[in-house]
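Written below as structure tokens is the structure these notes are about.
Residue numbers (the working numbering), protein chains in the order written: chain A, -11 to 293; chain B, 12 to 301.
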């Protein structure tokens, strides 16, 4: 059974289409990254999963329950770190977690939960005095209440320093190891790349790619770029290199050859280049997913324009 | 049922509101001072026969009918709209609950907070007055307290219900204040306007008020509250010269046989003010995008 399944999900706010005909399947047990620039429709989609907002059309099933008619059952087994939330300023951290415990009807030690996210020291302070990072940790502690089967995290690293972001990733991995499905959104590729099994990229309310990280890399031609310094470099050399097997394109860039590798061995390509012109030095640049993300989300915009 | 947990959380949160306690403090001071003034100089308050405990109750009811709406507005206008505007509603609604539970919990939590604060104020004020008078009618005092707390609950429901219709605190403020102005400040003029139109655009004659004019005058929650007390404490009311005031008094006093012209109509009106905001607030909140 899929943890999350949307079919033809569409949400309009007046004339604005926030999410358009979205079909998405998140399998049980995976860490799924939901990626897109700000305003792409990530939070709208998540808000529909949690029944904060109602879709214009389409269906959403979460953990086998209809998100609209059986929202309560969904949220009983789901832990949520919402986007643009606000804590209850006058309640302490402990009271926040106690509230979540009571609402879920589970009996756990609130301080142990706060300890897991490193805010146990501030358990009896009012949450209004917490820093942004502490609030984020507090809400994560609330999300972990009752050992949920699904964690929905909307921009979980917001407000966290690098250490906090690393701890967040560790908690995500730990929870996933216990069998929890993780669905989290981000506009930063790096965070998604570090932990996700699969990624969906959404832009302007439309799904532009769903794949594994490796799959995304393969899906684009420019998997790797090779920079080669040779003793002599001119147009003749470039043309000869461009004709080699395994070379997608060859260009002269800042006194070096810049080659894209379409397949096969980089080493074989280098040897072939060495026969044409003696190789002095080389470097390999793996295209980052960041580039890929930018390409996906800007290409669609160009098409639209 | 999660509404109780929501109510408890909301009580814990709202009971710490400084604005609310400032208002309760003002209420205590006003009720103590006015009890003092009433006991010392009852003739200034239309009681040449001297101060009585019954008179004190109706005098306090007059103060409560002004303070309760204001306290309800201050304590409740942000109850739902504020949570939506800030985003804390997302914390609430991401837990296994329903919108109905959230709304019911909010109403109860706020009613409890207001009832607690104003109840303390009433007991202090009446206790002070009773001590000065050296007289206390326990049954009347408990009846009065009970009706006043019911009135508090009704007003909390009205303002929470209005707050639940919108995600903007400024609109919630406008709605709550608008309600107060129309129903509590300008209602006499509204009744007059209705009589004017119903009478073929001529000014109504006080001697020939139709019976329904009294019923219409009882629509504001505070008027219904006052009438309810009169209905429950008729002996004290006649001795204290208290009667359901406002337009149509003549008709009300003369035609007291009809239910619609009797002070008991106050219970019906209060019950309507409980149900209507619950329905409107719930329907709007349940269908809203948070």
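Glycine included, each C-beta is placed from N, C-alpha and C at the ideal position.
The beta carbon of residue 39(B) lies closer than 7 Å to those of 132, 135, 136 in the same chain, with the five residues before and after it left out. Taking 3 residues as the shortest admissible run, the region 126 to 152 of chain A contains the following complete beta strand (DSSP E) segments, listed from N- to C-terminal end: 138 to 142. Legend: CB atoms of the region 216 to 230 of chain B lying less than 8 Å from CB atoms of chain A are not found in any residue. Taking 8 Å as the threshold, the shortest C-beta distance from residue 41(A) to chain B falls below it. For residue 119(B), the closest Cβ of chain A is not nearer than 8 Å.
Residue environment for residue 89(B): buried (at least 16 other C-beta atoms within 10 angstroms of its C-beta). Exclusion of the five residues before and after residue 62(B) leaves 49, 50, 53, 144 as the residues of its chain whose Cβ lies within less than 7 Å of its Cβ. Taking 8 Å as the CB threshold, residue 83(A) lines the interface with chain B. Within the region 195 to 229 of chain A, complete alpha helix (DSSP H) segments of at least 4 residues are found at 201 to 207, given in chain order. Residue range 14 to 25 is occupied by the alpha helix (DSSP H) that includes residue 15(B).
For the region -4 to 67 of chain A, the full-length alpha helix (DSSP H) segments reaching 4 residues or more read 30 to 37, 59 to 64 along the chain. Here residue 294(B) is exposed, its C-beta having fewer than 16 other C-beta atoms within 10 Å. Judged by beta-carbon spacing, residue 61(A) lies beyond the 8 Å limit of residue 102(A), meaning their Cβ atoms are not closer than that value.
Taking 8 Å as the Cβ-Cβ cut-off, the region 104 to 115 of chain B approaches chain A at 104, 105, 106, 107, 108, 109, given in chain order.
Annotation: the continuous beta strand (DSSP E) that includes residue 244(A) extends over 244 to 249.
Of all residues in the region 92 to 103 of chain B, those with a C-beta nearer than 7 Å to a C-beta of chain A are 97, 98, 99, 101, 102, reading in chain order.
Residue -10(A) sits in a strand when the DSSP states are folded into three classes.
Per DSSP, the unbroken beta strand (DSSP E) holding residue 186(A) starts and ends at 186 to 191. In the DSSP assignment, residue 239(A) falls outside any alpha helix (DSSP H) and within the unbroken beta strand (DSSP E) covering 235 to 241. According to DSSP, residue pairing for residue 69(A) in a beta bridge involves 141(A).
Not a single CB atom of chain B sits nearer than 8 Å to the CB of residue 118(A). The C-alpha of residue 45(B) lies about 33 Å from the C-alpha of residue 21(B). At a cut-off of 8 Å between C-beta atoms, residue 84(B) does not count as an interface residue with respect to chain A.
Chain order gives the chain B residues near residue 64(A) as 107, where near means a beta carbon separation below 8 Å.
Looking at the DSSP output, residue 114(A) sits in a beta bridge with 80(A). Around the beta carbon of residue 21(A), 16 or more other beta carbons sit within 10 angstroms, so the residue counts as buried. The region 269 to 288 of chain B makes contact with the region 235 to 250 of chain B; the number of CB pairs closer than 8 Å reaches 3 or more. In this structure, the straight-line span from the alpha carbon of residue 176(A) to that of residue 51(A) is close to 27 Å. Note on residue 286(A): under 16 other CB atoms within 10 angstroms of its CB, so exposed under the neighbour-count rule. Distance check between residue 112(B) and each of 175(B), 164(B), 67(B) places 175(B) closest, using alpha-carbon atoms only. In chain B, no part has a C-beta under 9 Å from the C-beta of residue 105(A); the shortest such distance is about 15 Å.
With 16 or more other Cβ atoms inside 10 Å of its own Cβ, residue 186(B) counts as buried.
A contact between stretches requires three or more CB pairs, one per stretch, nearer than 8 Å, and the region 165 to 176 of chain A fails this requirement with the region 97 to 117 of chain A. Non-local beta-carbon contacts of residue 25(A) in its own chain, meaning distances under 7 Å to residues more than five positions away in sequence, involve 175, 191, 285 in chain order. The alpha-carbon of residue 207(B) is positioned some 20 Å away from that of residue 195(B). Per DSSP, the continuous beta strand (DSSP E) segment holding residue 170(A) begins and ends at 169 to 174.
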